[in-house]
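Student: Take the sequence shown: its position 104, counted from the start at 1, is 553 in the working numbering, and no numbers get skipped. Cβ atoms here follow ideal geometry from the backbone N, Cα and C, with glycine treated the same way. The structure that follows is given in the form of structure tokens.
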Amino acid sequence: MKLSNAIFEMMHALRHRWQAKIRHGVHSPFVFAMQDGVLKNAAMLPMATIEKCRTKLLHDQRTFERVDLGAGSRKGNSNRSSVAQFAQRSLQKEHPARILRGLADAVNAQNVLELGTALGITTAYLACDRPNRNVATLEGDPFVLQIAQETWQELELKNITGHCGAFDQLLSTEQLKEHLWDMVLVDGNHTYEATIRYWNTLKDKITPQGCLIFDDIYWSPGMYRAWCEISADPKVGITLDYFDFGVVFLFPRRQKEHYKLRMPTMAPRTKFV
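Here you go:
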């Protein structure tokens, strides 16, 4: 990760922490109810079996030559990596993973698309205990997808379909291009150009109450620029900026609503929260 990008991200992290709300000060009944209800419940729900798999991946010393079709890693440029090293730098942390699961529940997602499998932990959060939810996930590295599939097999998750290849090519296949999605999570190829391209490809593929989620919106000035352009798109009704990722709802609003939010805490609520 470039030093300039790290400084950019740190400055915005401090600003976000100062400006972000939890639930008080949120004027939208929809957003308030989601923050105070399904996302709070998701934040407090442990997924011990998935976290056991995460721990296993963090100790997996198998090595492989990384096939990276995106913007590269935050840490290091070497293509040779152990599974443990790759897991350390690529896996979504537990708290955001719980919130992503909650967002899928909030929109009653039956069909979810994930761009960027990253060993399959977030995918597992989206699919676990939701047998009627179909999760399609795209990954450019066949070995990474293989490890993810081992995890899903261990968790006995049968509602996940993995696709290997470049995202743009996969999205143009007959199997995916005509599909409508209730939730799309974009977590791969963190460049301005790719992010805008995925947005233009996918914004017409979302069901009326669905959402798109862009990971690492403060990863670089380019990613933040893409997030700002997406937020300004006339199709967008509500955006939620959780710093780690941004959420876009397309259902129409008389006036656009943009919120900087803190993720509901994993701790039980007290009267001070």
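1) With contact counted as at least three CB pairs below 8 Å, one residue from each stretch, are the segment 687-694 and the segment 476-495 in contact?
2) Which full runs of the alpha helix (DSSP H) of 4+ residues lie inside the segment 653-712, going along the chain?
3) Rounded to whole angstroms, what is the Cα-Cα separation between A469 and R711?
4) What are the boundary residues of the alpha helix (DSSP H) that I645 is part of?
5) On the premise that T644 lies in contact with F663, defined as a C-beta separation below 8 Å, what is that separation, rounded to the nearest angstrom?
6) Rounding to the nearest angstrom, what Cα-Cα distance links R547 and Y641 in this structure?
7) Expressed to the nearest angstrom, what Euclidean distance is found between the alpha-carbon atoms of T571 and L606?
8) Between which two residues does the alpha helix (DSSP H) containing C502 stretch?
9) Is the segment 563-580 touching the segment 623-637 in the sense that three or more CB pairs, one from each, lie closer than 8 Å?
10) Can you tell me the Cβ-Cβ gap for R529 and E514, rounded? I've got them flagged as a contact below 8 Å.
11) DSSP state of E588, grouped into three classes?
12) Which one of K451, Y673, L568 has the shortest CA to CA distance from P591?
13) Where do the N-terminal and C-terminal ends of the beta strand (DSSP E) with H473 fall, by residue?
14) Helix, strand or coil: which one does DSSP assign to G569?
15) D509: which of V516, Q534, I499 sits nearest, CA to CA?
16) Once the 5 residues before and after N583 are set aside, which same chain residues still bring their CB inside 6 Å of it?
17) For a test of the three-state rule: what should DSSP assign to S621, helix, strand or coil?
18) Looking at the secondary structure, which residues open and close the beta strand (DSSP E) in which W488 lies?
19) Can you check whether the CB of F692 is closer than 8 Å to the CB of H473?
20) Could you pull out every residue in the same chain whose Cβ sits closer than 8 Å to the Cβ of P657, ignoring the five residues on either side in sequence?
21) Relative to the C-alpha of R538, which residue among A681, L506, L587, Y647 is closest?
22) What's the call for C502, buried or exposed, on a 16-neighbour Cβ count within 10 Å?
23) If we define contact as Cβ-Cβ less than 8 Å, is W467 a contact residue for chain C?
24) In its own chain, which residues sit with a C-beta less than 7 Å from the C-beta of W676, not counting the 5 before and 5 after it?
25) What three-state label does DSSP hand N638 in the structure shown?
26) Who pairs with V480 in a beta bridge, going by DSSP?
27) Do you know how far the Cα of G551 is from the Cα of A393?
28) In whole angstroms, what is the alpha-carbon distance linking A555 and C660?
Tutor: By the coordinates alone:
1) They touch, by the three-pair rule.
2) Segments of the alpha helix (DSSP H) lying fully in the segment 653-712: 670-681.
3) The residue you call residue 469 lines up with position 20 of the sequence shown. The residue you call residue 711 lines up with position 262 of the sequence shown. Between A469 and R711, the C-alpha separation is close to 6 Å.
4) Sequence index remark: in the sequence shown, residue 645 carries index 196 (1-based). For I645, the enclosing alpha helix (DSSP H) has its first and last residue at 641-651.
5) For the purposes of this step, residue 663 is identified with residue 214 of the sequence shown, where counting begins at 1. For the purposes of this step, residue 644 is identified with residue 195 of the sequence shown, where counting begins at 1. Correct: roughly 6 Å between the Cβ atoms.
6) In the sequence shown, residue 547 corresponds to position 98, counting from 1. In the sequence shown, residue 641 corresponds to position 192, counting from 1. Computed Cα separation, rounded: 27 Å.
7) For the purposes of this step, residue 571 is taken as the residue at position 122 of the sequence shown. For the purposes of this step, residue 606 is taken as the residue at position 157 of the sequence shown. Each residue's Cα considered, the two are about 13 Å apart.
8) In the sequence shown, counting from the first residue as 1, residue 502 sits at position 53. Run containing C502: 497-506, per the alpha helix (DSSP H) assignment.
9) The answer is yes - the segment 563-580 touches the segment 623-637, with three or more Cβ pairs under 8 Å.
10) The count along the sequence shown starts at 1 and reaches residue 529 at position 80. The count along the sequence shown starts at 1 and reaches residue 514 at position 65. About 6 Å separates the Cβ atoms of R529 and E514, confirming a contact at the 8 Å cut-off.
11) As a working note, residue 588 is residue 139 in the sequence shown. In the displayed model, E588 falls within a strand according to three-state DSSP.
12) Within the sequence shown, residue 591 is the residue found at index 142, counting from 1. If we check each option's Cα against that of P591, L568 comes out closest.
13) On the sequence shown, position 24 is the one that residue 473 refers to. For H473, there is no enclosing beta strand (DSSP E), as DSSP gives it neither H nor E.
14) Counting from one through the sequence shown, the residue named residue 569 turns up at place 120. If DSSP states are grouped into helix, strand and coil, G569 belongs with the helices.
15) By one-based count along the sequence shown, residue 509 stands at place 60. Selection V516, Q534, I499 evaluated against D509 yields Q534 as nearest (Cα-Cα).
16) Your numbering for residue 583 matches position 134 in the sequence shown. Closer than 6 Å at Cβ, skipping near neighbours: N560, N608.
17) Taking the sequence shown and counting its residues from 1, one reaches residue 621 at position 172. Correct three-state label for S621: coil.
18) Translated into the one-based positions of the sequence shown, residue 488 becomes position 39. For the record, residue 488 in the displayed sequence is Leu; it is not Trp. In the DSSP annotation of this structure, L488 is not part of any beta strand (DSSP E); the continuous alpha helix (DSSP H) holding it starts and ends at 487-492.
19) Numbered from 1 along the sequence shown, position 24 holds the residue referred to as residue 473. Numbered from 1 along the sequence shown, position 243 holds the residue referred to as residue 692. Cβ atoms of H473 and F692: not closer than 8 Å.
20) Your numbering for residue 657 matches position 208 in the sequence shown. Exclusion of the five residues before and after P657 leaves L699, F700 as the residues of its chain whose Cβ lies within less than 8 Å of its Cβ.
21) Residue 538 sits at position 89 when you count from the first residue of the sequence shown. Considering only alpha carbons, the answer is L506.
22) As a first step, residue 502 is located in the sequence shown; it is residue number 53 there, counting from the start. When all chains shown are included, C502 counts as buried.
23) Among the protein chains of the structure shown there is no chain C, as only one such chain exists.
24) Here residue 676 refers to the residue found at position 227 when the sequence shown is read from its first residue. Same-chain partners within the cutoff: F663, I666, G695.
25) Sequence index remark: in the sequence shown, residue 638 carries index 189 (1-based). Assignment of N638 by DSSP, reduced to helix, strand and coil, places it in the coil class.
26) One-based indexing of the sequence shown puts residue 480 at position 31. DSSP links V480 through a beta bridge to no other residue.
27) The structure shown does not extend to residue 393, since the chain is modelled only from 450 through 722, so no value can be given for it.
28) Residue numbering aside, residue 555 sits at position 106 when the sequence shown is read from its first letter. Residue numbering aside, residue 660 sits at position 211 when the sequence shown is read from its first letter. Straight through space, the alpha carbons of C660 and A555 are spaced by roughly 10 Å.
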